[in-house]
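Novice: FYI, our numbering numbers position 35 of the sequence shown as 35, with every residue one higher than the one before it. All C-beta atoms, glycine included, are put in the ideal place defined by N, C-alpha and C.
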Amino acid sequence: MEIVYNALVVLHLLGMAGIVSGVVARLVAPESPSAKIMLWGAGAQVVTGVALVGIASAGLVDNEVDNTKIAVKLVVAMAVLVLAHVLWRRPESGRGLFYSLAGLTLANVLIAVFW
Ligand code: HEM
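1. Could you work out which residue in Ile3, Arg26, Ile19 is closest to Pro91 when comparing CA atoms only?
2. Does the separation of the CB atoms of Met116 and Gly41 fall below 8 Å?
3. Around the Cβ of Asn108, are there at least 16 other Cβ atoms within 10 angstroms (buried) or fewer (exposed)?
4. Checking 8 Å against the spacing of the C-beta atoms, do Val80 and Ile3 come in under that value?
5. On a Cα-Cα basis, can you pick out the residue from Val24, Leu8, Val28 that is closest to Ala44?
6. How would you write the range of the alpha helix (DSSP H) that Ser34 sits in, first residue to last?
7. How big is the Cα-Cα spacing for Val53 and Pro33?
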């Protein structure tokens with residue numbers, strides 16, 4: 001199961017890269033399909049994150065699960081997902097939503113590493 005867990009960690013990191021590339025795409029090319037890229041990345045984060053927690057909680061790998069940290073990460077990731085969805089459906093929506101998405105993504109990276 002270790003190999004499956006590690007493969008999911010790789011997908012989790014690629015999902016983060018997806019969100020970040022969507023953010024960068026919007027900054028350098030506002031007309032690009034950046035919201036779709038962010039939406040796919042945010043979706044990947046929730047799916048792979050929940051799968052990682054499921055495997056670790058089931059005791060199939062040797063990793064400890066901090067439920068408070070995971071709950072906070074899940075709430076932040078859901079907010080990122082909703083914001084990406086709004087930006088996708090309403091490309092004309094203000095910069096505030098976009099910068100909130102970028103900030104919340106950074107917050108989840110900081111939580112993942114420093115908590
Ligand atoms: C925007 C959303 C998210 C971002 C940017 C993000 C980012 C990251 C990063 C950078 C790591 C690697 C940290 C390290 O190895 O030190 C990580 C690990 C992890 N994340 Fe997330 N994450 C997100 C959402 C989630 C969600 C929703 C969950 C679960 C519900 C989750 C569960 C985990 C778990 C269990 C690990 C540990 C993997 C390991 O064993 O190394 N993440 N996350």
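Specialist: Let me lay it out:
1. Position 91 of the sequence shown, counted from the first residue, corresponds to residue 91. Taking the Cα of Pro91 as reference, the smallest distance to any Cα among Ile3, Arg26, Ile19 is reached at Arg26.
2. This structure does not reach residue 116, given that the chain is present from 1 up to 115, and the question cannot be answered.
3. Working through the sequence shown from its first residue, we reach residue 108 at position 108. So Asn108 counts as buried.
4. As a position in the sequence shown, residue 80 is number 80, starting the count at 1. As a position in the sequence shown, residue 3 is number 3, starting the count at 1. Against a cut-off of 8 Å, the Cβ pair of Ile3 and Val80 comes out as no contact.
5. Within the sequence shown, the letter at position 44 stands for residue 44. The residue with the shortest Cα to Cα distance from Ala44 is Leu8.
6. Position 34 of the sequence shown, counting from 1, holds the residue named residue 34. In the DSSP assignment, Ser34 falls within the alpha helix (DSSP H) that extends over 34-57.
7. In the sequence shown, residue 53 corresponds to position 53, counting from 1. In the sequence shown, residue 33 corresponds to position 33, counting from 1. Distance between the alpha carbons of Val53 and Pro33: 31 Å.
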